[in-house]
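With the numbering used here applied, the sequence shown corresponds to residues 5 to 991, in that order.
Structure first, commentary second.
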Amino acid sequence: MQLNKLKSFAQQIRRELKERISVRLVDASDPNGFFARNYKDAFKDLHKAIADHGEKEVVEKAAYYWFNRLCALRFMDVRGVLSCAVISPALGSGDPEILSEAKKGIFYDDLSLNEDIRDPVKALLSGDTQNWPSLAGKKSEVDPETAAYRLLLLGACNALSRRMPFLFQKAADYTEYLLPPDLLSPHSIVTLIRENISADDCSSVEIIGWLYQYYISEKKDEIFKGFAKNIKATPENIGPATQLFTPEWIVRYLVENSLGRLWMLNHPESALIDSMRYYISPDENEARDFIKINSPEEIKVCDPCCGSGHMLVYAFELLTKIYEEEGYSDYEIPQLILEHNLTGIEIDERAGELAAFALLMKAAELDRNILKQKEILKPDICVLTNEKLDEFSLDHYRKALGSDLLTEPFLETLTQFEQAKNFGSLITPRLQEVQGIRDLLKAKNIQGDLMLSQAEESVERILKMSECLSCRYHVVVTNPPYMGARNMNATLAEFVKDNYPDSKADFCTAFIERGFDLLLEHGYHAMVTMQSWMFLGSFEKLRTKLLNDKTILSMAHLGPKAFDSFGGDVVQTTAFVLSNNYIKDYYGQYVRLIHVQGEQAKEALFLQQKNNPYRSGKDSFDKIPGSPIAYWLSDKFLEIFSRCRRLDEICKPAQGMATSDNDRFLRQWFEVPLSSIGFGMHDAHEALASTCKWFPYNKGGEYRRWYGNQDYVVNWQNDGFEIKNFCFPNGKQRSVIRNPGYYFLPAVTWSNTSSSFFGGRKIVEQGFLFDCKGSSLFPNQNESNFFTGLICSLISKKVVEFYNPTISTQVGDIARLPVINSFRDHLQEISNIVDKLVSIAKEDWDSQEISWNFKQNPLIAAFDGSSSLEDTVKALQAHYRELIKTTQALEEQNNENFIRIYGLEGEMSPEHPLSQVTLCCNPYYAYSKKTVENDEEPWAMQCADLMRDLISYAVGCMFGRYSLDKDGVILGRKIGETLQDFKDLVG
């Protein structure tokens with residue numbers, strides 16, 4: 005499949021359909037128009053739909069209605085599922101086959117092409133248009149042949165509604181009328197669909213899922229733009245916002261290592277293993293304790309967030325092989341699978357329709373006559389609906405049924421689905437024995453009570469949903485919705501918080517917990533989720549429950565860019581299989597894929613490494629504070645946690661203030677008068693007495709090590725009066741003042757957010773306040789160098805990677821750094837190195853105009869008037885080279901010291917890349933994102949930067965920004981004379 009082409013097409017067809025249906029709606033809405041005069045009931049229905057939902061939603065729904073069905077028809081045409089093609093042309097003809105056949109007088113009973121369709125179609129094709137057929141529209145809009153095809157198309161859709169009511173529901177007449185009139189021209193919707201969905205595209209039913217994801221992609225983009233503006237997800241938007249089509253290889257990994265695993269444990273001799281390319285064989289501990297299966301019909305598989313059914317489709321394929329191995333016929337298999345084995349649950353009606361269609365198409369691959377059978381074969385896809393019984397109906401229901409039937413669990417369950425579209429499969433029905441209630445209701449025989457008819461329909465839907473959500477399955481396999489708590493609407497956020505307190509931070513992690521409620525003991529829970537639950541402190545309780553009560557069997561740790569259709573480094577994922585029981589001394593098998601990018605690269609690496617995975621278990625994870633799933637750590641590295649203390653037991657890492665309006669309260673230091681900045685304050689009392697308005701502010705900033713990023717000041721006049729009294733209109737304080745007792749103290753700090761390596765800096769001077777993004781550590785003064793060195797060491801980098809492998813390093817991550825008990829024995833040797841590194845970094849920072857300690861441009865300082873500019877530049881280059889090499893050597897010495905102190909020789913190399921020497925004068929760092937061909941190119945770029953700085957300085961002199969010293973004036977006069985020489989030098 006050419007996915008980029010399909011994406012472009014799906015987005016285009018959505019816009020085309022909406023535009024054409026909107027035009028059609030104008031006529032349909034005219035109270036004096038053709039539609040109103042000829043179809044009064046449908047006209048009323050249309051106006052009611054517009055009043056209830058608005059014109060935009062009516063157009064959106066009608067557009068998707070026809071997109072869904074026309075794409076499904078194209079797929080069935082190509083696959084030969086129907087008696088004849090409905091939208092695809094016959095061989096050698098440009099017309100749809102169903103129209104070509106009608107011209108020959110051939111009509112198909114299974115497509116409802118009976119007399120009601122045949123007679124008007126024949127009349128139209130023969131030129132007899134006296135009696136214009138139903139819903140063809142105004143005569144001036146379409147030619148008779150198009151009108152005939154319209155009737156054939158609608159007849160086929162209505163016929164399929166009996167076989168696939170979940171997809172081809174009988175539409176309200178107004179929806180049929182809204183189908184654009186142009187159906188046969190080269191620019192018609194029908195032509196666009198058949199020309200853009202090729203026969204090759206239809207080789208797999210997953211094409212339907214891709215088309216759906218791409219169709220809603222623009223709406224998804226709109227929703228995410230709303231998230232950026234703090235607009236919460238409505239229940240209607242949860243589906244489009246969270247739909248993510250899972251790469252096929254990840255689907256196969258999940259299904260093979262859950263459903264396939266269950267079968268192989270019961271049938272170790274099975275040849276099924278030969279067809280499971282992504283299977284990881286279980287170890288002997290698991291092989292002793294598993295669910296016993298006597299026949300394939302017993303197996304129950306559920307996807308509680310099934311989307312368009314990708315997981316279920318592959319489960320169908322695997323189950324087919326299982327049935328075939330057991331000797332079942334192709335005729336029996338599809339019906340048995342759909343009746344006994346597979347259940348899908350979904351909140352998005354459109355996605356649920358496609359899931360059911362996909363399963364039915366898999367069944368048709370085994371039995372081509374499946375859609376022609378008298379008995380309807382319906383996949384078990386439960387689309388959740390909001391159900392609310394009004395008090396009158398509920399009271400009447402109570403009286404009719406009696407208190408013996410209306411138990412407390414039953415009554416509570418009747419109220420649990422009022423927000424089903426919002427909460428989805430996270431709802432756990434109080435009523436667990438649904439069939440018993442059904443039997444009792446049937447015995448009461450209240451079907452004739454008209455007062456209860458509507459309530460009875462609602463109750464039946466509630467019971468169906470409860471049955472799916474209370475059943476216990478052998479396998480739960482899913483790609484749950486990803487949505488952080490901050491994007492949830494208030495009702496959903498409160499529900500998740502109350503019911504899933506240990507996993508409330510994200511929708512997908514709540515489904516980890518929910519999945520176990522749907523499983524039998526020893527059942528398999530297979531998911532692909534965000535990786536955050538493996539590491540972050542906010543999920544520590546969830547990890548504790550999983551490690552103590554469940555078992556991680558295997559994992560494909562995907563990391564960033566595992567979904568080509570959803571790029572970006574921020575979304576980092578992991579696919580895993582859990583067992584719903586604790587297996588003692590079990591070592592799960594982990595395949596680490598985080599260092600390669602793209603679906604194909606990750607798949608190839610998985611296949612290469614799956615037979616030689618990392619192995620780790622509960623006892624290893626428990627050695628690390630917070631029990632992160634750091635499966636790749638060696639035993640030697642894990643040992644350091646048993647002989648170290650947590651950093652926060654020795655000194656306090658603290659998060660700073662959040663002004664809640666940085667544009668109002670922060671400035672860069674050069675934006676305000678220097679006389680208004682209070683430098684070097686020792687405490688709040690001295691700051692208050694100074695009457696200064698602005699004070700140095702540590703805001704984090706870009707990745708820089710040892711010293712620097714000192715460029716902001718904060719309005720802390722009158723002890724921060726304005727910030728402390730910055731409130732919302734309702735009077736609630738908007739700003740957040742944290743840890744004021746540490747303001748103005750010397751500190752060790754780090755940037756909260758960085759896409760590069762983690763590293764800290766030392767605040768040498770007193771007098772800084774600090775931000776939530778510039779969190780700080782406050783050790784004893786004589787120990788500050790040790791902790792600066794520790795934070796900048798490879799030890800900390802490696803630990804932070806598994807505590808929080810995101811671009812954001814939190815206070816809690818630093819708090820859990822291991823500190824060797826004997827660290828005070830090493831203060832001097834660490835301090836000597838750190839002092840040199842901080843001194844070099846400070847000199848480098850202060851050589852830039854951005855520093856408030858800036859005195860003179862380095863090129864001006866180096867120019868003595870006796871040498872040429874070329875010689876001065878070369879000398880400065882040599883000085884910088886030496887400085888960078890010295891820094892690199894000191895960095896490696898710092899790493900080497902900590903590796904030795906922690907006893908990790910042989911575990912890691914002390915090497916420090918040249919591009920990570922974070923000095924402004926280091927062109928390899930400054931231009932690390934550019935391709936560097938040789939040693940000279942970055943220096944040439946650095947020289948060019950120096951020259952620009954010099955010219956900027958000279959211009960500043962002209963406008964009186966800087967005071968002019970003698971050398972500055974002399975060099976300023978020589979700039980024009982030497983520009984050409986400099987240009988020749990740097991190329």
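Each residue gets a CB set at the ideal place from its N, CA and C atoms; glycine is no exception.
Next on the checklist: Within 8 Å, do at least three Cβ pairs link the stretch 541 to 555 to the stretch 214 to 230?
Outcome noted: no
Next on the checklist: I'd like the span of the alpha helix (DSSP H) that includes L418, first residue to last.
Outcome noted: For L418, there is no enclosing alpha helix (DSSP H), as DSSP marks it with neither H nor E.
Checklist entry - Where DSSP assigns a beta bridge to P100, which residues make up the other side? => result P93
Next on the checklist: Taking 6 Å as the limit between beta carbons, can you name the residues of its chain near F361, skipping five residues before and five after?
Outcome noted: A76 and L171
Checklist entry - Hey, how far is the Cα of A14 from the Cα of P629? => result 48 Å
Checklist entry - C386 lies in the alpha helix (DSSP H); which residues open and close that run? => result C386 -> not in any alpha helix (DSSP H); beta strand (DSSP E) instead, spanning I385 to V387.
Item to check | Spatial neighbours of P783 in its chain, beta-carbon cut-off 8 Å, leaving aside the 5 residues before and after | outcome: I654, C655, V752, F790 and F791
Checklist entry - Shorter than 8 Å from the beta carbon of F567 to some beta carbon of chain B? => result Going by chain labels, chain B is absent from the structure shown, which holds only one protein chain.
Item to check | Contained beta strand (DSSP E) runs [length at least 3] in the stretch 596 to 641, N- to C-terminal order | outcome: 618 to 621
Checklist entry - In whole angstroms, what is the alpha-carbon distance linking K736 and T890? => result 53 Å
Checklist entry - Are I297 and L266 closer than 8 Å when you measure CB to CB? => result yes
Item to check | D969 versus D817 - alpha carbon distance | outcome: The pLDDT assigned to D969 is 42, lower than 50, so where the model puts this residue is not dependable; a value taken from the coordinates is nonetheless given after this. If you take the alpha carbons of D969 and D817, they lie about 49 Å apart.
Checklist entry - Comparing alpha-carbon positions, which option in N899, I741, K382 and F520 lies nearest D665? => result I741
Item to check | Coil, strand or helix - Y746 by DSSP | outcome: helix
Item to check | A319 (DSSP reduced to helix, strand or coil) | outcome: The three-state secondary structure of A319, taken from DSSP, is helix.
Checklist entry - Buried or exposed: where does C796 fall if 16 or more other Cβ atoms within 10 Å of its Cβ makes it buried? => result buried
Next on the checklist: Can you list, in chain order, the residues of its chain with a C-beta nearer than 6 Å to that of I54? Leave out the 5 residues immediately preceding and following it.
Outcome noted: V62
Item to check | DSSP state of S274 mapped onto helix, strand, coil | outcome: coil
Checklist entry - Counting pairs of Cβ atoms below 8 Å between the stretch 309 to 319 and the stretch 334 to 353, do you hit three or more? => result yes
Item to check | Buried/exposed call for P822, threshold 16 Cβ in 10 Å | outcome: buried
Next on the checklist: Could you tell me which whole alpha helix (DSSP H) segments of length 4 or greater appear in the stretch 278 to 338?
Outcome noted: 288 to 291 and 314 to 329
Next on the checklist: Here's a check: name, in chain order, each residue in its chain whose Cβ is nearer than 7 Å to the Cβ of S624, leaving out the five neighbours to either side.
Outcome noted: L642
Checklist entry - Which residue or residues does DSSP assign as beta-bridge partners of W267? => result In the DSSP output, where bridge partners are listed per residue, W267 has none listed.
Next on the checklist: Suppose you measure from the CA of R198 to the CA of K801; what does that come to, to the nearest Å?
Outcome noted: 54 Å
Next on the checklist: In the DSSP output, what is E4 paired with across the bridge?
Outcome noted: In this structure the chain extends from 5 to 991, so residue 4 is not present and cannot be described.
Checklist entry - Along the chain, which unbroken stretches of the alpha helix (DSSP H) at least 4 residues long are found entirely within the stretch 656 to 709? => result For the stretch 656 to 709, whole alpha helix (DSSP H) runs of length 4 or above, ordered along the chain, are 666 to 669 and 688 to 694.
Checklist entry - What did DSSP end up calling A203 once you bin it into helix, strand or coil? => result For A203, the secondary structure class from DSSP, reduced to helix, strand or coil, is coil.
Checklist entry - Excluding the five sequence neighbours on either side, which residues of its own chain have a C-beta within less than 8 Å of the C-beta of E937, listed in chain order? => result The predicted model places E937 with a pLDDT of 41, which falls under 50 and marks its position as unreliable, so this point remains unresolved.
Next on the checklist: Taking its Cβ as the centre, do 16 or more other Cβ atoms sit within 10 Å of G311, making it buried, or is it exposed?
Outcome noted: buried
Item to check | Spatial neighbours of L524 in its chain, beta-carbon cut-off 8 Å, leaving aside the 5 residues before and after | outcome: I295, R476, Y477, H478 and N584
Item to check | Selection from A46, G660 and E64 that minimises the alpha carbon distance to R24 | outcome: E64
Item to check | L894 - containing beta strand (DSSP E), residue span | outcome: Element bounds for L894: not the beta strand (DSSP E) but the alpha helix (DSSP H), L873 to I905.
Checklist entry - By DSSP, does A579 sit in helix, in strand, or in coil? => result strand
Checklist entry - To which residues does DSSP link H561 through a beta bridge? => result T578 and R596
Checklist entry - Quick one, are the C-beta atoms of A494 and Y401 less than 8 Å apart? => result Between A494 and Y401, the CB-CB gap reaches or exceeds 8 Å.
Next on the checklist: Mapping the DSSP letters down to three states, classify Q737 as helix, strand or coil.
Outcome noted: Q737 falls in the strand class under three-state DSSP.
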